[in-house]
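Below is one structure, written out as structure tokens, with a few remarks after it.
Number of protein chains: 2
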Amino acid sequence: MKQKALVILSGGQDSTTCVWWAIERFGQESVESLTFDYRQLHRHELHAARQVAAHAGIPNVVLPINTFEALGGSALTDPSIEVPRTTESDSLPVTFVPGRNLVFLTFAAAYAWRHDIQHLVTGVAQTDYSGYPDCRRDTIDSLEKTLALGLERHFTIHTPLMNLSKKETVLLAKELGAMDAMALTHTCYNGSVPPCGECAACILRAKGFAEAGIPDPLIA
Amino acid sequence: MKQKALVILSGGQDSTTCVWWAIERFGQESVESLTFDYRQLHRHELHAARQVAAHAGIPNVVLPINTFEALGGSALTDPSIEVPRTTESDSLPVTFVPGRNLVFLTFAAAYAWRHDIQHLVTGVAQTDYSGYPDCRRDTIDSLEKTLALGLERHFTIHTPLMNLSKKETVLLAKELGAMDAMALTHTCYNGSVPPCGECAACILRAKGFAEAGIPDPLIA
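Those sequence lines, one after another, are chains A and B. Counting in our numbering, the first sequence runs from 1 upward without gaps. Counting in our numbering, the second sequence runs from 1001 upward without gaps.
Structure, rendered in structure tokens:
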């Protein structure tokens, strides 16, 4: 059977890199992208995802999730919670949405189940990031087993960026020919276009491009 | 720390029995119920859940999930798919919504995470039922591990009905004093009030009450 892959595409730098990774691995005609409209405050993410998918020449399916907003309590969906300016914290960040990646991957598997797709690709990473526990490989491994049991079908969850630093992710994007698409991405936690340059996400992104010695096409 | 429990309450016979199980185990003041409005065709389920919770004297929180309807393909959310009359089938039933219980439990854990609740209770069972793979205990065990890793907190998922036949579930409900509440529940896959008596869910329910030798208060 032809192997097909579904990339969870947020419209950010990492998931965009994953689109190019999946295309190299599975071939453009075998890759689709899935974007979640979870009522994120930054609606520009959805626009970025659509643009990136169009640039890559692959379909972009949008699935709505209205549950996180109802659960409340995260800076990503609640305008009354301020996004911190730095990444320094011992506790879970206010941008943490409990279970978000678990839910994303479970719905992605449900979509894949219906469309005979065997591979899921996500840009989560445990290096150099904001410390979300559902981005770690041990969590992903466990979820892979849970999905196989609960859906009676095996889905391989690929995490090509898992152990890369932001610098290495930038270099990988360049190697895969994804650098043009970087100009279409959206990373800023404050939702600014152009990016604010001050939030944790902007700082990490800028650091990665600086260390890789490559100008960021988004702000160049 | 005071132990608190969250029952996933669909408004059906099984989850209603779980409410009384949780109250006996944790005490009424330590139990809440959570109902998912996943745009099920049978809106009466939400009404039944509210009535059952009120009868039990516990809170009933409703969380919306608009994703399953968007995914499509299940008789529970799509009016164009017919519900089969019997339970005889070798393949997964058309009422199967891929990943539904995984998503329910993950969102329940996210709610519990925010509200310092340690115990989740669900009425899933692997005996005598429609053969949903995400209702089996091995799936639940695996999910329990995944949630502990992904949310960095341990939630115990209780499945008091897991190995009970429908007859035994009826007897347990009687023993726990939940029989009055059975008159408020909703089980029918066709959404009929009073129940159609012909769908797989009605047939299983009737069989359970008959074998237990107890009249069903819903149709008595």
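The C-beta atom is built at its ideal place from N, Cα and C for all residues, glycine as well. From a predicted model like this one, the values you see are computed outputs, not experimental measurements.
Excluding residues up to 5 positions away in sequence, His1119 lie with their Cβ nearer than 6 Å to the Cβ of Thr1156(B) in the same chain.
Classified as exposed, Ile1219(B) has fewer than 16 neighbouring CB atoms from the shown chains inside 10 Å of its CB. The bridge partners DSSP lists for Phe36(A) are Leu63(A). The residue from Gln3(A), Leu184(A), Arg39(A), Gln28(A) with its alpha-carbon nearest to that of Ile58(A) is Gln28(A). Listed along chain A, the residues sitting closer than 7 Å to Asp1138(B) by beta-carbon distance are Leu149.
Under the Cβ criterion of 9 Å, Ile23(A) is not counted among the residues facing chain B. In this structure, Thr122(A) places its C-beta atom within 9 Å of the C-beta atom of His158(A). In this chain, the alpha helix (DSSP H) harbouring Ala1054(B) covers 1044-1056. Setting aside the 5 residues that flank it on each side, Asn1066(B) is surrounded in the same chain by Arg1039, each with a C-beta closer than 7 Å to its C-beta; the list follows chain order. Ala125(A) is positioned such that its CB atom lies closer than 9 Å to that of Met162(A). Rounded to whole angstroms, the separation of the alpha carbons of Glu32(A) and Asp1078(B) is 24 Å. Residue pairing by DSSP places Ile1008(B) opposite Leu1034(B) in a beta bridge. For the pair Leu102(A) and Glu1168(B), the Cα-to-Cα distance works out to about 34 Å. Judged by DSSP in its simplified three-state form, Leu176(A) adopts coil rather than helix or strand.
Under the Cβ distance rule, Arg1114(B) counts among the residues neighbouring chain A, one pair being separated by less than 9 Å. Collapsing the DSSP output to three states places Thr16(A) in a helix.
Taking a cut-off of 8 Å for Cβ pairs, the stretch 1169-1179 of chain B and the stretch 1207-1215 of chain B touch, as three or more such pairs fall below it. DSSP places Leu161(A) in no beta strand (DSSP E); its state is neither H nor E. In this structure, Ala110(A) keeps its C-beta atom at 9 Å or more from the C-beta atom of Pro1133(B).
Looking only at Pro195(A), Thr106(A), Arg137(A), the smallest Cα-Cα distance to Glu152(A) is reached by Thr106(A).
According to the DSSP assignment, Leu149(A) belongs to the alpha helix (DSSP H) that extends over 137-151.
Arg43(A) sits exposed, since fewer than 16 C-beta atoms from the chains shown fall within 10 Å of its C-beta. Within the stretch 1102-1113 of chain B, the residues whose Cβ lies closer than 8 Å to some Cβ of chain A are Leu1102, Val1103, Thr1106, Phe1107, Ala1109, Ala1110, Tyr1111, Trp1113, listed in chain order. Residues of the stretch 145-172 of chain A with a Cβ closer than 7 Å to any Cβ of chain B, in chain order: Lys145, Thr146, Leu149, Gly150, Leu151, Glu152. For Val1121(B), DSSP records a beta bridge to Val1007(B), His1158(B). Close partners of Ala56(A) in chain B (Cβ separation under 9 Å) are lacking, with about 23 Å as the shortest Cβ gap.
As the crow flies, the alpha-carbon of Ala1054(B) is around 12 Å from that of Val1061(B).
By the criterion of a C-beta distance shorter than 7 Å, Ala1210(B) is surrounded by no residue of its chain, once the five residues flanking it on both sides are discounted.
Contact of Ser33(A) with chain B by beta-carbon distance below 7 Å is absent, the smallest such distance being about 16 Å. In terms of beta-carbon proximity, Asp1134(B) lines the interface with chain A, with at least one pair separated by less than 9 Å. Met182(A) and Met1182(B) have their C-alpha atoms roughly 58 Å apart. DSSP, read as helix, strand or coil, puts Lys207(A) in helix.
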